[in-house]
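Protein chains in written order, with the numbering used here: chain A, 76 to 297; chain B, 7 to 68. To start, the structure under review is shown below, and the notes come after it.
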Amino acid sequence: MTTLILILGVGLSLVGLLICMRLWLLPASKLNAKAGAAGVKLTAAVGFVVLPLLAVGVANYQTFEGVKEVSSCAGCHVMAPMVNDMLRKDSTSLAARHFNNRWIAEKQCYNCHSDYGLSGTIKSKGDGFRHLARYVTGSYKEPIEYHRSGGFYDNNNCLKCHAVTEKFQAVSSHGTLRANLSSSQTSCLNCHGPAHPTALQRTPGSKTYEALTHPPLLEASR
Amino acid sequence: MTLRLPALFSGLGFLLTFWFVFNLHSPMALALFTFVAQPCFLVGFVLWLVRVKTDLKQKEVL
Numbered sequence: 076m077t078t079l080i081l082i083l084g085v086g087l088s089l090v091g092l093l094i095c096m097r098l099w100l101l102p103a104s105k106l107n108a109k110a111g112a113a114g115v116k117l118t119a120a121v122g123f124v125v126l127p128l129l130a131v132g133v134a135n136y137q138t139f140e141g142v143k144e145v146s147s148c149a150g151c152h153v154m155a156p157m158v159n160d161m162l163r164k165d166s167t168s169l170a171a172r173h174f175n176n177r178w179i180a181e182k183q184c185y186n187c188h189s190d191y192g193l194s195g196t197i198k199s200k201g202d203g204f205r206h207l208a209r210y211v212t213g214s215y216k217e218p219i220e221y222h223r224s225g226g227f228y229d230n231n232n233c234l235k236c237h238a239v240t241e242k243f244q245a246v247s248s249h250g251t252l253r254a255n256l257s258s259s260q261t262s263c264l265n266c267h268g269p270a271h272p273t274a275l276q277r278t279p280g281s282k283t284y285e286a287l288t289h290p291p292l293l294e295a296s297r
Numbered sequence: 007m008t009l010r011l012p013a014l015f016s017g018l019g020f021l022l023t024f025w026f027v028f029n030l031h032s033p034m035a036l037a038l039f040t041f042v043a044q045p046c047f048l049v050g051f052v053l054w055l056v057r058v059k060t061d062l063k064q065k066e067v068l
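And the structure:
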C-alpha cells in the first residue's frame with residue numbers, strides 16, 4: 076500500500092506542480108482573451124480543486140493509516156526509549172512482552188494507545204496532531220509524561236482483548252475489581268506494569284537513557 | 007488580475023505533499039503537510055474563487 080501511496084502522491088503532486096507553474100506563467104492578456112478561455116478555466120479548476128483534493132486524500136490516507144505503524148512512532152526521537160525497550164528480547168516490560176511474544180501481531184503501539192471505538196480513534200488522532208505540533212516546535216520536555224484521559228491509562232485498551240479470555244476470568248481478583256477496572260479507577264498496570272521504561276530511566280543524563288536511545292533497534296528487527 | 011497568487015499557494019501545497027509522500031515517517035514532513043500544505047491548498051482555492059467572482063462581476067454575470 077505504501078508503494079501505491081508513493082506512486083499516486085508523487086504523480087498527483089508533480090502534475091499539480093506543473094499546472095501551477097503553467098498558471099503562474101500565464102499572462103493576464105491570455106486570461107482575459109476569449110479564445111482558449113475555456114481551456115484555461117478547466118486547467119485552473121483541475122489545478123486548484125481536483126488535484127489538491129486528490130493529493131490531500133492520498134496523503135491523508137497515509138496520515139491516518141500509516142501512522143499506526145511502529146516505525147511511525149519511532150520517527151520521533153522522544154519515542155526511542157519506548158520503542159527500543161519494546162524490541163529488546165530481554166526486556167520484561169509489558170510492551171516488550173506483548174511485542175516479542177507476538178500477542179499483538181502488528182501496529183503494537185497503536186493497538187494499546189487507541190481507546191476503544193470510533194470516538195476513541197478520533198481522540199487518538201487529535202492527540203497525535205497535538206503531539207506532532209509539540210514535537211516539531213520543540214515544546215516538550217523529556218521524559219515525556221502520559222496526559223491522556225486526565226493522566227491515567229484507559230484500561231479498556233487492555234480489556235478489549237483480555238476481558239473475554241478464560242485466563243482473565245479465572246483470576247478471582249479480576250472479578251472482584253471488575254467495576255474499578257472498567258472505569259480505570261484501578262489500573263491494570265498496578266499488577267502487570269510497568270508498560271514502558273520508567274520516567275527516571277527515560278530522563279536524559281540517567282544511566283539507562285543512552286542505552287535506551289541508542290542504537291535504534293527498529294531497523295535491525297525487520 | 008492573474009492567477010499567480012493562487013498558483014503560488016497551491017504550488018507550495020503540492021511541493022510539501024510531494025516531500026511528505028517521499029518521507030512518510032518523517033515528523034517534520036508530516037507536520038508541514040498537515041499544518042502548512044493543506045491550508046495552502048485552501049488559500050489557493052479561495053483566491054481562485056475570488057478571481058472567478060471578480061471575473062463574473064466584470065462580465066456582469068453576477
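Backbone N, C-alpha and C define an ideal beta-carbon position, used for all residues, glycine too. Note that the structure is a prediction, hence the values are computed from the model and not measured.
Note down the Cα distance separating residue i from residue j, rounded to an integer number of angstroms.
| i | j | result |
| --- | --- | --- |
| B:L30 | A:T212 | 19 Å |
| A:R253 | A:N230 | 11 Å |
| A:A130 | A:K242 | 47 Å |
| A:S88 | A:L234 | 43 Å |
| A:S248 | A:H289 | 39 Å |
| A:G86 | A:K182 | 28 Å |
| B:L9 | B:P33 | 32 Å |
| A:R277 | A:V142 | 23 Å |
Drop a sphere of 10 angstroms on the beta-carbon of residue i, count the other beta-carbons inside from all chains shown, and report buried for 16 or more, exposed for fewer.
| i | result |
| --- | --- |
| B:Q69 | With chain B represented from 7 up to 68, any question about residue 69 of chain B goes unanswered, as that position is not in the structure. |
| A:A120 | exposed |
| A:T352 | The structure shown does not extend to residue 352 of chain A, since chain A is modelled only from 76 to 297, so the question has no answer here. |
| A:R297 | At A:R297 the pLDDT is 46, less than 50, meaning the model places this residue with poor confidence and gives no usable figure here. |
| A:V246 | exposed |
| A:D165 | exposed |
Please report whether the beta-carbon of residue i lies at a distance below 8 Å from any beta-carbon of chain B.
| i | result |
| --- | --- |
| A:P156 | no |
| A:A113 | no |
| A:C95 | yes |
| A:Q137 | yes |
| A:A108 | no |
| A:L129 | no |
| A:S88 | yes |
At the 8 Å Cβ level, is residue i part of the contact set with chain A, yes or no?
| i | result |
| --- | --- |
| B:L62 | no |
| B:V27 | yes |
| B:P45 | no |
Mind listing the chain B neighbours of residue i? Cutoff is C-beta to C-beta under 8 Å, in chain order.
| i | result |
| --- | --- |
| A:F204 | T40 |
Strictly below 7 Å CB to CB, what residues from chain A border residue i?
| i | result |
| --- | --- |
| B:P33 | G150, C151, L207, Y210 and V211 |
Using the beta-carbon of each residue, which ones in chain B are nearer than 9 Å to residue i?
| i | result |
| --- | --- |
| A:T77 | L30 |
List, in order along the chain, the chain B residues whose C-beta lies closer than 7 Å to that of residue i?
| i | result |
| --- | --- |
| A:F123 | P12, S16, G50, F51 and W54 |
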